[in-house]
Structure formats: C-alpha cells, structure tokens
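Here full-length UniProt numbering is used: position 85 in the sequence shown is 85, and no number is missing along the way.
A virtual CB, placed ideally from N, CA and C, is assigned to each residue, including glycine.
Structure, as structure tokens:
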Amino acid sequence: MFSRRHMRAMFERLAHSSIMRLSESSMEKLFDLTLMMTKYQIQSVVMPEQILTVTMNHLSGMRRIAKQEDDIQELIRNAHAMFLMLYGPVPVTEWNLIRHQMLNFFQDCRVKVSVLLRDEKQFDDGHFVYLPQKDPIELPPDVETPGVTKYYENGEFVKSTQWPVTRTYIPLQNTESRNLDAEVRSTTLGISIFTNEMSVNVSAWHLGGGLHSESAG
1 MFSRRHMRAM FERLAHSSIM RLSESSMEKL FDLTLMMTKY QIQSVVMPEQ ILTVTMNHLS
61 GMRRIAKQED DIQELIRNAH AMFLMLYGPV PVTEWNLIRH QMLNFFQDCR VKVSVLLRDE
121 KQFDDGHFVY LPQKDPIELP PDVETPGVTK YYENGEFVKS TQWPVTRTYI PLQNTESRNL
181 DAEVRSTTLG ISIFTNEMSV NVSAWHLGGG LHSESAG
C-alpha cells in the first residue's frame with residue numbers, strides 16, 4: 001500500500017482535478033474525513049469480501065451523481081468491470097489479509113467525525129463503537145446463530161440445547177449483488193453518509209467549504 005504521505009499527495013491531485021479549490025485547512029479536514037469513513041467501512045463489514053461490495057456501492061453512488069454525463073458513466077462502467085475482473089475471483093482468505101493490511105494502515109487514524117459521534121457510532125476518543133449494543137449483529141451466510149449447543153455420539157447428532165444470549169443475531173438481510181445496477185446489496189456501507197437526511201449534520205459544512213472533523217490527538 002501507499003504510505004500516508006503518498007496517499008495524501010494522490011488525494012490532493014484528485015481533489016484539484018476538478019474546479020473545486022480548497023484551502024490547506026479544508027483539504028486536511030476532507031482528507032481526514034475520507035480516511036476515517038474508509039476505516040469505519042472496512043472495520044464494519046460483516047465478512048471481509050464485503051469490501052468489494054462497499055466499492056460497488058461507491059461506484060453506484062458516483063453513477064447516480066453523474067447520471068447525465070455519458071462519458072463519466074462509461075468510465076464508471078469500465079472501473080466496475082476492472083474491479084470485478086481483478087477482485088471477483090479473490091478467495092475469502094486473501095480478502096481477510098487485505099482487510100487486516102488496510103486496518104493496519106488506518107490504525108493511527110482517530111479523527112472525530114460529527115456524523116458518527118451524533119449517531120453514537122464513535123467515541124469521544126476517536127475510536128469506533130464496535131457492534132453497538134442497540135443494533136442486532138448480522139451473521140455471514142452459513143453461520144449458525146450463537147446460543148445452541150449440539151451433542152453428538154459416535155459422529156451422529158443426538159440433541160441440541162438452547163442457552164440464553166445477551167445479543168440479537170440476524171442473518172444478512174439481503175443477498176449479494178455485484179451488478180452495477182443493483183438497488184440493494186448485502187450492506188449499505190459505501191453509500192454516502194449524507195444520503196439519509198437523519199444523518200445530515202448541517203454544521204458539517206462551513207461557508208469556507210471545510211468539513212467539520214476534530215482531531216482526537
């Protein structure tokens with residue numbers, strides 16, 4: 001992976017490739033916000049191969065924004081095809097290694113994001129709330145719900161007993177789809193955090209174009 005310095009340089013080039021011009025302070029806040037939201041998405045996936053689904057959601061969001069631009073639509077379709085060609089065949093074991101490598105890259109990023117703080121998805125020290133108590137825990141396909149003990153004799157199933165658990169477990173609500181036109185996928189991670197009006201923090205944007213984020217030190 002790129003170093004943080006090279007990542008920042010590439011980010012600035014991308015940001016300045018449009019007509020948008022940002023001050024140094026606004027660029028720093030935008031970069032921090034991008035790092036933190038990427039870290040949040042990578043940490044929150046139910047299974048490591050969902051990283052590709054997060055990318056599909058991001059591409060679909062870009063496609064909706066640029067729906068009137070045929071040339072941009074073509075570029076997005078090409079990017080989608082390349083992602084599927086390169087990462088579609090990757091086995092889950094390699095996805096797990098990819099996820100761990102990405103989390104290692106982000107481990108020192110602890111910038112507070114107003115949207116996450118308000119939605120109780122982040123602590124005041126910049127760490128994320130992992131598996132919030134108020135939310136059910138989603139289980140990957142073919143994973144049995146915790147709370148059941150099965151007994152076997154001579155390799156044959158005999159009985160099972162249920163014991164109480166403190167959390168609610170549910171299977172993934174939607175099947176996986178890597179089609180660019182898919183309306184629903186196995187996760188909403190990768191969709192703009194400002195899509196849901198309930199998650200829009202009006203104070204997140206200032207007249208100077210900066211993004212509201214706070215360094216956790």
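Select from the options the residue whose C-alpha is nearest the C-alpha of residue i.
i      : options                       : result
VAL165 : SER18, THR175, GLY147         : GLY147
VAL143 : LYS112, TRP163, MET56, LEU172 : LEU172
LYS39  : TYR169, LEU86, ILE98          : ILE98
THR175 : TYR169, ARG185, THR168        : ARG185
PRO136 : TYR169, LYS159, GLY126        : TYR169
Should residue i be labelled buried (16 or more other beta-carbon atoms within 10 Å of its own) or exposed?
i           : result
ILE19       : exposed
SER17       : exposed
ARG63       : buried
LEU33       : buried
SER60       : buried
residue 236 : Only positions 1 to 217 of the chain appear in the structure, and residue 236 is not among them; the question remains open.
PRO141      : exposed
PRO91       : exposed
MET47       : buried
Taking the C-alpha atoms as reference points, what is the distance between residue i and residue j?
i      : j      : result
CYS109 : MET37  : 10 Å
VAL54  : LEU189 : 5 Å
ARG178 : MET85  : 12 Å
VAL158 : THR149 : 11 Å
GLN57  : TRP163 : Sequence inspection shows Asn at residue 57; the Gln mentioned does not correspond to that position. Going by the C-alpha atoms only, they are around 38 Å apart.
PHE123 : ASN154 : 49 Å
GLU120 : GLU156 : 46 Å
GLN133 : GLU69  : 43 Å
LEU180 : LEU75  : 13 Å
ILE183 : SER26  : Contrary to the premise, residue 183 reads as Glu rather than Ile in this sequence. Roughly 33 Å separates the two Cα atoms.
HIS212 : MET1   : Here the model assigns HIS212 a pLDDT of 48, short of 50, so the residue's position is not dependable, and the following value carries that caveat. Cα to Cα, HIS212 sits roughly 27 Å from MET1.
GLY126 : SER3   : 21 Å
ILE191 : THR161 : 40 Å
Considering just the uninterrupted stretch of the beta strand (DSSP E) at residue i, what are its terminal residues?
i      : result
TYR151 : 148-153
LEU97  : Counting along the chain, LEU97 falls outside any beta strand (DSSP E), though it belongs to the alpha helix (DSSP H) covering 92-106.
Can you look up residue i in the DSSP assignment and give me helix, strand or coil?
i      : result
TYR87  : helix
THR166 : coil
GLU74  : helix
SER160 : strand
ILE191 : strand
PHE123 : coil
LEU139 : strand
PHE128 : strand
In terms of residues, what are the limits of the alpha helix (DSSP H) holding residue i?
i      : result
LYS112 : First-last for LYS112: 111-113, but that is the beta strand (DSSP E), not the alpha helix (DSSP H).
GLU24  : 24-44
ASN57  : 50-65
LEU180 : No alpha helix (DSSP H) contains LEU180, which DSSP labels as neither H nor E.
GLU12  : 4-15
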